[in-house]
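Asker: In this note's numbering, the protein residues as written are 59 to 472.
Note that beta-carbon positions come from the ideal geometry of N, C-alpha and C, so glycine has one too.
Got a structure for you, questions after.
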């Protein structure tokens, strides 16, 4: 394969994207390509749980009865759909009750199940817990506690659904690998990605008999494709795919291009490290770049605070392949978080002062937020910023702001 074929492929894709952008600009008033309902409603963990619970509820305001729940089981939970022990449940879906943020009171663990489905048919009791993890990290014994809750509630048939996008399995601190394998063997566990919901949502659209509900599902589909799959525009995506599949030469060329993308990203990360070192001015913390460069999950840039050994200000990729960065204060261990007197205060300070950020906390992070740009996998924005030399400025500026805010409020004092 000649380099001219690769160049021709790249030129063809570039021309097609330009043509689509021109068409969208010309007809933007009719098409409104950038408008999305989900720009105006909450899409954090609770917001997404509320939307999914509403669609799954046979008594929900969508008025489609048990149709959406039936399609969910068929498309997303084949383990249940094909299991004889769950057939009574499947034949009585209209009796299912759906709860949001259900407290785990029976097991005395006082957690909250994101989405809880309960169905009682005679003496048969069915329970499903959907753990929705679009952004947050797993917590210690979290899935174990949910399973025990379903058991304590007397469900003869129970199932844990772990919903996320980027990780193949839950963190071992949430459930031990051996226990997880037993759940899988006993057909009591399913891993579901947000991208797996697309087939279900499209099936719901087909069966839906209300235009408003159908349009909402279409908007939800677009949101998932953009937020979790990196697909900004399906028309653009399909147009590129058509060019790639033109003939053997374009397919071969696209594979060659794809194989060099990871190398390109690593070279740009190396450039980012050089830029950070060049622009970093030694102040009250020290730059540590020894934990980034290979593209593994949780790779990070540390900003070490001299004399403070509980943690560091951190820029970390939540997913492998340099994707989904978060920024905040990270501690050395969960025990260190529990021992710190300022843990709650750190989150309060950043929540109060960084009004344009959604500050969260997790087991090892007293306070963090998702860094923008967030999509480093499906979008070129972050990589263009690195290439232009502006990404280092943005990271250093935000790191310095987080450090200053916490320091001024005494969060690093003993």
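(1) Could you please give the first and the last residue of the uninterrupted beta strand (DSSP E) stretch that includes residue 425?
(2) Residue 331: which of 307, 306 and 358 sits nearest, CA to CA?
(3) Do residue 424 and residue 405 come within 7 Å of each other at the CB atom, strictly closer than that value?
(4) Any heavy atom of the ligand FAD closer than 6 Å to the CB of residue 465?
(5) Is residue 213 near residue 183, with beta carbons less than 7 Å apart?
(6) Along the chain, where does the beta strand (DSSP E) containing residue 217 start, and where does it finish?
(7) By Cβ distance, which residues of its chain are closer than 6 Å to residue 251, with the 5 residues on each side in sequence left out?
(8) Taking the alpha carbon of residue 473 as the reference point, which residue from 192, 457, 344 and 126 has its own alpha carbon closest?
(9) Under 7 Å between the Cβ atoms of residue 177 and residue 162?
(10) How is the beta strand (DSSP E) around residue 105 delimited, first residue to last?
(11) Terminal residues of the continuous beta strand (DSSP E) containing residue 370?
(12) I need the straight-line Cα distance from residue 370 to residue 342, nearest angstrom please.
(13) Helix, strand or coil for residue 304 per DSSP?
(14) Assuming residue 205 is part of the alpha helix (DSSP H), what are its boundary residues?
(15) Just the C-alpha distance for residue 390 and residue 231, rounded to the nearest angstrom, thanks.
(16) Tell whether a beta-carbon distance below 7 Å holds between residue 345 and residue 338.
(17) Using the DSSP secondary-structure output, state which residues sit across from residue 344 in a beta bridge.
(18) List the DSSP bridge partners of residue 133.
(19) Could you say if the region 134-148 and the region 109-125 meet the contact criterion of at least three C-beta pairs nearer than 8 Å?
(20) Starting from residue 171, follow its DSSP beta bridges and name the residues at the other end.
(21) Report back the beta-carbon spacing between residue 378 and residue 354 to the nearest angstrom; my notes put them in contact at under 8 Å.
(22) Helix, strand or coil for residue 400, going by three-state DSSP, please let me know.
(23) For residue 364, count the other beta carbons within 10 Å of its own beta carbon; 16 or more makes it buried, fewer makes it exposed. Which is it?
(24) Please report the residue range of the alpha helix (DSSP H) in which residue 388 lies.
(25) Considering Cα atoms alone, identify which of 431, 323 and 325 is closest to residue 373.
(26) Going by CA-CA distance only, name the one from 427, 204, 276 and 401 that's closest to residue 413.
(27) Quick check on DSSP: helix, strand or coil for residue 457?
(28) Tell me whether residue 251 sits in a helix, a strand or coil according to DSSP, three-state version.
(29) Considering only C-alpha positions, which residue in the set 165, 195 and 401 is nearest to residue 229?
(30) Using the three-state DSSP reduction, which class does residue 392 fall into: helix, strand or coil?
(31) For the alpha helix (DSSP H) containing residue 418, list its first residue and its last residue.
(32) Could you tell me which residues DSSP puts in a beta bridge with residue 184?
(33) Just to confirm the assignment, what range does the alpha helix (DSSP H) spanning residue 441 have?
(34) Spatial neighbours of residue 203 within its chain, please: CB distance less than 8 Å, with the 5 preceding and 5 following residues excluded, ordered by chain position.
(35) Helix, strand or coil, according to DSSP, for residue 155 in the structure here?
(36) Distance, Cα to Cα, residue 349 vs residue 458?
Answerer: On the basis of the coordinates in this document:
(1) 425-428
(2) 358
(3) yes
(4) This structure does not include the ligand FAD; it has no bound ligands of any sort.
(5) yes
(6) 215-222
(7) 223
(8) Nothing about residue 473 can be reported from this structure: the residues present for the chain run from 59 to 472 only.
(9) no
(10) Element bounds for residue 105: not the beta strand (DSSP E) but the alpha helix (DSSP H), 103-114.
(11) 369-377
(12) 12 Å
(13) coil
(14) 200-210
(15) 15 Å
(16) yes
(17) 362
(18) Paired residue(s): none; residue 133 is not in a bridge.
(19) no
(20) 160
(21) 6 Å
(22) coil
(23) exposed
(24) First-last for residue 388: 381-389, but that is the beta strand (DSSP E), not the alpha helix (DSSP H).
(25) 431
(26) 427
(27) helix
(28) strand
(29) 195
(30) helix
(31) It is not in any alpha helix (DSSP H) - residue 418 carries neither H nor E in the DSSP assignment.
(32) 177 and 215
(33) 439-446
(34) 162, 165, 167 and 169
(35) strand
(36) 19 Å
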